[in-house]
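Top to bottom, those sequences are chains A and B. According to the working numbering, the residues represented by the first sequence are 1 to 340, in order. According to the working numbering, the residues represented by the second sequence are 1 to 340, in order. We put the beta carbon where it would ideally sit given N, CA and C, even for glycine. Computed from a predicted structure; not experimentally measured. Down below is the structure, laid out as structure tokens.
2 protein chains.
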Amino acid sequence: MKRPTIADIAARAGVSKGAVSYALNGQRGVSETTRRRILAIAEEIGFNPHSAARALSGAPADTIGLALRRPARVLGFEPFYMELISGVEAELSARGQALMLQIVADADAEIDVHRRWWGERRVDGVLICDLRVDDPRIPVVTDLRLPAVVVGGPEGVGDLPHVWNNDAVALTETVEYLAALGHRRIARVAGLPDLWHTQVRASAFEGACARLGVSAALTVSTDYSGEEGARATRRLLSGETRPTAVIYDNDVMAIAGLGVAQEMGLTVPGDLSIVAFDDSSLCRLVHPALTALTRDIPAYGALAARQLLAAIAGQPVGSVEDTPAKLAPRASTGRPIAST
Amino acid sequence: MKRPTIADIAARAGVSKGAVSYALNGQRGVSETTRRRILAIAEEIGFNPHSAARALSGAPADTIGLALRRPARVLGFEPFYMELISGVEAELSARGQALMLQIVADADAEIDVHRRWWGERRVDGVLICDLRVDDPRIPVVTDLRLPAVVVGGPEGVGDLPHVWNNDAVALTETVEYLAALGHRRIARVAGLPDLWHTQVRASAFEGACARLGVSAALTVSTDYSGEEGARATRRLLSGETRPTAVIYDNDVMAIAGLGVAQEMGLTVPGDLSIVAFDDSSLCRLVHPALTALTRDIPAYGALAARQLLAAIAGQPVGSVEDTPAKLAPRASTGRPIAST
DNA sequence: CCGACCTGCTGAACCGGATAAGTAAAATTG
DNA sequence: CAATTTTACTTATCCGGTTCAGCAGGTCGG
Numbered sequence: 001m002k003r004p005t006i007a008d009i010a011a012r013a014g015v016s017k018g019a020v021s022y023a024l025n026g027q028r029g030v031s032e033t034t035r036r037r038i039l040a041i042a043e044e045i046g047f048n049p050h051s052a053a054r055a056l057s058g059a060p061a062d063t064i065g066l067a068l069r070r071p072a073r074v075l076g077f078e079p080f081y082m083e084l085i086s087g088v089e090a091e092l093s094a095r096g097q098a099l100m101l102q103i104v105a106d107a108d109a110e111i112d113v114h115r116r117w118w119g120e121r122r123v124d125g126v127l128i129c130d131l132r133v134d135d136p137r138i139p140v141v142t143d144l145r146l147p148a149v150v151v152g153g154p155e156g157v158g159d160l161p162h163v164w165n166n167d168a169v170a171l172t173e174t175v176e177y178l179a180a181l182g183h184r185r186i187a188r189v190a191g192l193p194d195l196w197h198t199q200v201r202a203s204a205f206e207g208a209c210a211r212l213g214v215s216a217a218l219t220v221s222t223d224y225s226g227e228e229g230a231r232a233t234r235r236l237l238s239g240e241t242r243p244t245a246v247i248y249d250n251d252v253m254a255i256a257g258l259g260v261a262q263e264m265g266l267t268v269p270g271d272l273s274i275v276a277f278d279d280s281s282l283c284r285l286v287h288p289a290l291t292a293l294t295r296d297i298p299a300y301g302a303l304a305a306r307q308l309l310a311a312i313a314g315q316p317v318g319s320v321e322d323t324p325a326k327l328a329p330r331a332s333t334g335r336p337i338a339s340t
Numbered sequence: 001m002k003r004p005t006i007a008d009i010a011a012r013a014g015v016s017k018g019a020v021s022y023a024l025n026g027q028r029g030v031s032e033t034t035r036r037r038i039l040a041i042a043e044e045i046g047f048n049p050h051s052a053a054r055a056l057s058g059a060p061a062d063t064i065g066l067a068l069r070r071p072a073r074v075l076g077f078e079p080f081y082m083e084l085i086s087g088v089e090a091e092l093s094a095r096g097q098a099l100m101l102q103i104v105a106d107a108d109a110e111i112d113v114h115r116r117w118w119g120e121r122r123v124d125g126v127l128i129c130d131l132r133v134d135d136p137r138i139p140v141v142t143d144l145r146l147p148a149v150v151v152g153g154p155e156g157v158g159d160l161p162h163v164w165n166n167d168a169v170a171l172t173e174t175v176e177y178l179a180a181l182g183h184r185r186i187a188r189v190a191g192l193p194d195l196w197h198t199q200v201r202a203s204a205f206e207g208a209c210a211r212l213g214v215s216a217a218l219t220v221s222t223d224y225s226g227e228e229g230a231r232a233t234r235r236l237l238s239g240e241t242r243p244t245a246v247i248y249d250n251d252v253m254a255i256a257g258l259g260v261a262q263e264m265g266l267t268v269p270g271d272l273s274i275v276a277f278d279d280s281s282l283c284r285l286v287h288p289a290l291t292a293l294t295r296d297i298p299a300y301g302a303l304a305a306r307q308l309l310a311a312i313a314g315q316p317v318g319s320v321e322d323t324p325a326k327l328a329p330r331a332s333t334g335r336p337i338a339s340t
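Take a look at the structure:
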């Protein structure tokens with residue numbers, strides 16, 4: 001099946017290529033009668049303009065790029081990304097934009113992808129997720145003048161527009177809540193330490209603990225996988241002064257942690273209170289349901305996509321703060337049983 | 001920052017555009033010295049060929065398309081897709097191919113996306129997931145001669161190449177195992193009924209149950225979400241003759257079902273045995289760990305991607321059967337406690 | 001009744017590569 | 001050493017759109 005071109009339409013309508021182009025793009029330069037005739041023919045033969053030909057004449061690619069640097073293994077069970085992507089997609093598909101997704105292995109490949117996308121004009125702009133400390137992507141996209149929106153911040157983003165939520169507020173609220181319940185030994189199972197938001201959460205955690213007289217404020221780093229979440233929990237619960245509450249940096253690790261607690265014969269929340277950062281529906285479905293820091297991740301993705309499209313359109317976009325995660329108390333948190 | 005073109009390179013090297021093109025593409029027609037000079041300049045100024053210009057001259061888009069028709073809500077916590085995508089990506093990025101992802105709302109939009117991708121030459125081929133009964137995408141991509149590989153089958157795929165696993169074998173094995181443990185009332189919490197693999201699993205389930213004398217073989221349909229999995233479980237466990245074992249069509253629902261059983265005070269596996277189809281790491285991390293039908297989904301995606309790339313390259317590809325899911329018995333299945 | 005202006009179109013240039021055809025010089029052959 | 005082939009290029013064309021300049025023919029004002 002040969003793809004129809006405007007030349008085919010022009011031939012059938014008995015006009016020039018130029019006239020067809022004007023007609024299809026709603027430009028003036030053709031009479032209403034001719035326009036309708038041309039549109040009818042286009043419809044009939046199922047015409048779609050060749051995106052490359054358009055792009056060659058300076059049209060945008062109508063595509064945005066998202067490069068993720070996480071091992072496949074982790075991506076599979078991290079609901080965060082898929083939720084983010086579906087939010088991004090919802091916004092994009094409503095505006096006829098496409099998403100180019102690339103999963104990369106390391107920082108070099110990540111930068112390479114951005115350079116290539118720019119050079120090949122494959123994307124009009126990019127979303128930058130998983131902002132790291134001294135993130136090399138920031139200077140690269142800045143230099144290239146590739147429109148970009150960082151999902152994260154507000155620090156470490158250079159002059160790039162960004163959308164962020166205030167994890168410090170969320171974590172402080174959580175520590176205050178746990179302290180109010182009577183917890184004095186609180187641990188934190190953190191994600192990758194070179195991510196900005198891990199640092200933000202860490203300092204908020206430490207600050208709040210110090211302020212509230214939480215003595216043992218342990219932090220263990222992980223790669224967000226359930227396995228490491230389980231291992232970290234086992235280590236914490238096997239220590240001399242085991243914590244009475246643990247805050248996990250994602251829901252997958254929290255669920256794994258719950259499994260470990262049950263396996264070790266501890267009651268939740270009696271012996272151990274559990275809080276998850278991010279709240280996929282699994283948190284509500286396990287037993288006991290997990291107290292979690294809820295945020296609307298698809299909405300977050302949609303917001304980022306909107307900002308990026310605005311930036312691509314040349315509108316001024318700056319820093320946008322999404323609503324911070326809210327603590328949703330459920331059955332996994334309670335007063336610690338007096339002991340020690 | 002202006003994007004460099006071959007004309008820029010040609011000017012700096014003092015040769016024609018044609019010579020540059022030959023040099024960059026490793027074609028004969030330039031001396032080794034000139035080639036090296038040109039390549040050095042290209043490297044220095046960070047040249048990347050404009051993908052649109054290439055595509056216009058008949059080059060492939062080096063992109064494959066994947067349109068998913070699932071509500072954002074479901075995609076978020078279905079590890080299956082993200083695992084599949086990361087497997088696809090692993091294969092693609094190793095070969096310099098990109099992935100175009102689109103999430104669509106309904107069947108019309110789905111077909112529209114394929115038509116548009118084809119018309120706009122945005123993709124060289126597509127993967128078709130979630131094969132439905134009388135799937136309208138099959139005739140469309142066949143008519144368009146758009147290279148496609150169906151992830152599913154082997155029935156209902158028309159003449160399209162496809163990769164599939166034999167879910168019937170996996171489900172039969174599971175029912176046999178449960179029957180051998182002594183279960184006589186087995187229920188199944190199924191996924192979307194218009195998906196082909198749901199039908200395949202259903203008839204395998206019914207066949208095996210009939211053959212093995214499993215009397216009550218109830219099936220409840222869901223949308224794969226944890227919520228519906230939990231509701232279905234509640235209904236099943238509240239019925240007059242409650243099942244002693246439930247097979248879930250995905251792991252998310254199985255975990256939700258485990259939560260419901262615990263909430264209702266039933267012991268697992270004493271009062272209720274649970275089997276999950278698909279085995280994300282959560283199955284191993286909840287307590288008790290879930291018996292699951294394991295398959296390597298990233299490998300499945302990679303296989304599909306390889307087949308699609310072969311089809312695009314014009315190689316003959318037909319039907320490929322991936323290894324069926326294997327039953328991994330864990331702590332959630334056991335002999336039923338005698339009762340009734 | 002003539003020039004100015006608008007309408008509705010055509011023709012051609014252009015975007016940035018790939019590539020076929022042409023050409024001059026160098027290398028090989030008989 | 002002339003004839004032929006090969007090498008190393010250049011020039012021109014093409015892909016399928018967009019867009020600008022041009023150009024008839026009609027309308028209007030003075």
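ask   = What is the residue span of the alpha helix (DSSP H) that B/Tyr224 lies within?
value = Secondary structure note for B/Tyr224: it is in no alpha helix (DSSP H), with a DSSP letter that is neither H nor E.
ask   = Going along chain A in order, which residues have a C-beta closer than 7 Å to the C-beta of B/Asn250?
value = None at all; the shortest Cβ gap to chain A is about 12 Å.
query = With a cut-off of 8 Å, do at least 3 Cβ pairs link the segment 303-310 of chain A to the segment 269-280 of chain A?
reply = In the pairwise beta carbon analysis, the segment 303-310 of chain A is classified as not touching the segment 269-280 of chain A: fewer than three pairs are separated by under 8 Å.
ask   = Skipping 5 residues on each side, what residues in its chain have a beta carbon closer than 7 Å to that of A/Ser16?
value = By the criterion of a C-beta distance shorter than 7 Å, A/Ser16 is surrounded in its chain by Ala10, once the five residues flanking it on both sides are discounted.
request  = State the Cα-Cα distance for the pair B/Gln199 and A/Gly207, rounded to the nearest angstrom.
outcome  = Cα to Cα, the separation comes out at about 55 Å.
ask   = Between which two residues does the alpha helix (DSSP H) containing A/Gln102 stretch?
value = Note, A/Gln102: premise wrong, no alpha helix (DSSP H); beta strand (DSSP E) at 98-103.
query = List, in order along the chain, the chain A residues whose C-beta lies closer than 9 Å to that of B/His287?
reply = Against chain A, a Cβ distance below 9 Å from B/His287 picks out Leu258, Gly259, Val260, Ala261, Gln262, Glu263.
query = Does DSSP put B/Val214 in a helix, a strand or coil?
reply = B/Val214 falls in the coil class under three-state DSSP.
Which of helix, strand or coil DSSP assigns to A/Gly344 = Summary: the structure shown does not reach residue 344 of chain A, with chain A confined to residues 1 through 340, and so no result is reported for it.
ask   = Does any CB atom of chain A fall closer than 9 Å to the CB of B/Phe277?
value = No, because no Cβ of chain A sits closer than 9 Å to the Cβ of B/Phe277.
request  = Along the beta strand (DSSP E) that carries A/Ile247, what are the first and last residues, could you check?
outcome  = Where A/Ile247 is concerned, the enclosing beta strand (DSSP E) stretches over 245-248.
Identified DSSP bridge partners for A/Ile128 = In the DSSP assignment, A/Ile128 forms a beta bridge with A/Val150.
query = A/Leu282 CB to nearest chain B CB: under 9 Å?
reply = So yes, A/Leu282 belongs to the interface.
key: Test item: CB-CB of A/Arg295 and A/Pro324 under 9 Å   = Yes, Cβ-Cβ distance for A/Arg295 and A/Pro324 is below 9 Å.
Rounded distance between the beta-carbons of A/Leu92 and A/Cys129, thought under 8 Å = Contact between A/Cys129 and A/Leu92 is absent: CB atoms are separated by about 15 Å, not below the 8 Å threshold.
key: Within-9 Å CB hit, A/Ala7 to chain B   = No, because no Cβ of chain B sits closer than 9 Å to the Cβ of A/Ala7.
query = In terms of residue numbering, what span does the beta strand (DSSP E) encompassing A/Val64 cover?
reply = According to the sequence provided, residue 64 of chain A is Ile. The question's Val does not apply to it. Segment 63-68, the beta strand (DSSP E) holding A/Ile64.
key: Cβ-Cβ distance between B/Leu146 and B/Trp118 below 9 Å   = Going by C-beta atoms, B/Leu146 is nearer than 9 Å to B/Trp118.
ask   = Is there at least one Cβ from chain B nearer than 9 Å to A/Trp196's Cβ?
value = At a cut-off of 9 Å between beta carbons, A/Trp196 makes no contact with chain B.
key: Of the residues B/Val252, B/Thr174, B/Gly158, B/Val141, the one placed nearest B/Val342, counting alpha carbons only   = No answer is possible for residue 342 of chain B: the residues shown for chain B start at 1 and end at 340.
task = For chain A, find out if any of its Cβ atoms is closer than 9 Å to the Cβ of B/Ala351; answer yes or no.
result = Outside the shown range of chain B, which is 1 to 340, sits residue 351 of chain B, and nothing can be said about it.
message = One question on the structure: do A/Leu272 and A/Thr244 come within less than 9 Å of each other, judged by their Cβ atoms?
response = It is a contact, given that the beta carbons lie within the stated cut-off.
message = Helix, strand or coil, according to DSSP, for A/Leu308 in the structure here?
response = Look at A/Leu308 here: in three-state DSSP terms it is helix.
Candidates A/Glu44, A/Arg132, A/Glu120, A/Pro298: closest to B/Leu56 by CA position = Taking the Cα of B/Leu56 as reference, the smallest distance to any Cα among A/Glu44, A/Arg132, A/Glu120, A/Pro298 is reached at A/Glu120.
task = List the residues of chain B whose Cβ lies closer than 8 Å to the Cβ of A/Leu56, in chain order.
result = Neighbours of A/Leu56 on chain B, chain order: His50, Ala52, Ala53, Leu56.
task = Closer than 9 Å by beta-carbon distance: list the chain A residues that pair up with B/Ser255, in chain order.
result = Here the sequence assigns Ile to residue 255 of chain B, which means Ser is not the residue at that position. Ordered by position in chain A, the residues that pass the 9 Å Cβ test against B/Ile255 are Ile255, Leu282, Leu285, Val286.
task = Specify whether the segment 173-187 of chain B and the segment 146-156 of chain B touch according to this definition: at least 3 beta carbon pairs, one from each stretch, less than 8 Å apart.
result = Taking 8 Å as the limit for Cβ pairs, the verdict is that the segment 146-156 of chain B does not touch the segment 173-187 of chain B.
ask   = So the alpha helix (DSSP H) B/Ile373 belongs to, where does it begin and stop?
value = This structure gives no information on residue 373 of chain B, because the portion of chain B shown stretches from 1 to 340.
Runs of beta strand (DSSP E) lying entirely within the segment 244-278 of chain A, each at least 3 residues, in chain order = Counting whole runs of 3 or more residues, the segment 244-278 of chain A contains the beta strand (DSSP E) stretches 245-248, 273-277.
query = Comparing alpha-carbon positions, which option in A/Ala302, A/Ala331, A/Arg3 lies nearest A/Gly162?
reply = Residue identity check: residue 162 of chain A is His in the sequence provided, not Gly. Of the candidates A/Ala302, A/Ala331, A/Arg3, the one whose C-alpha sits nearest the C-alpha of A/His162 is A/Ala302.
request  = Spatial neighbours of A/Thr340 within its chain, please: CB distance less than 6 Å, with the 5 preceding and 5 following residues excluded, ordered by chain position.
outcome  = Its pLDDT being 47, under 50, A/Thr340 is placed unreliably in this model, and the value from its coordinates should be taken loosely. Sequence-distant Cβ neighbours of A/Thr340 in its own chain, meaning closer than 6 Å and more than five residues away, do not exist here.
query = Based on Cα-Cα distance, which residue from B/Leu290, B/Cys209, B/Leu39, B/Thr63 lies nearest to B/Arg122?
reply = Nearest of B/Leu290, B/Cys209, B/Leu39, B/Thr63 to B/Arg122, Cα basis: B/Thr63.
query = Are A/Val74 and A/Asp223 closer than 9 Å when you measure CB to CB?
reply = By the CB criterion at 9 Å, A/Val74 and A/Asp223 fall inside the cutoff.
task = Give the DSSP bridge partners of B/Ala187, in chain order.
result = Looking at the DSSP assignment, B/Ala187 forms a beta bridge with B/Leu218, B/Val246.
ask   = For B/Asp322, which residues does DSSP report across the bridge?
value = DSSP lists B/Asn165 as partners of B/Asp322.
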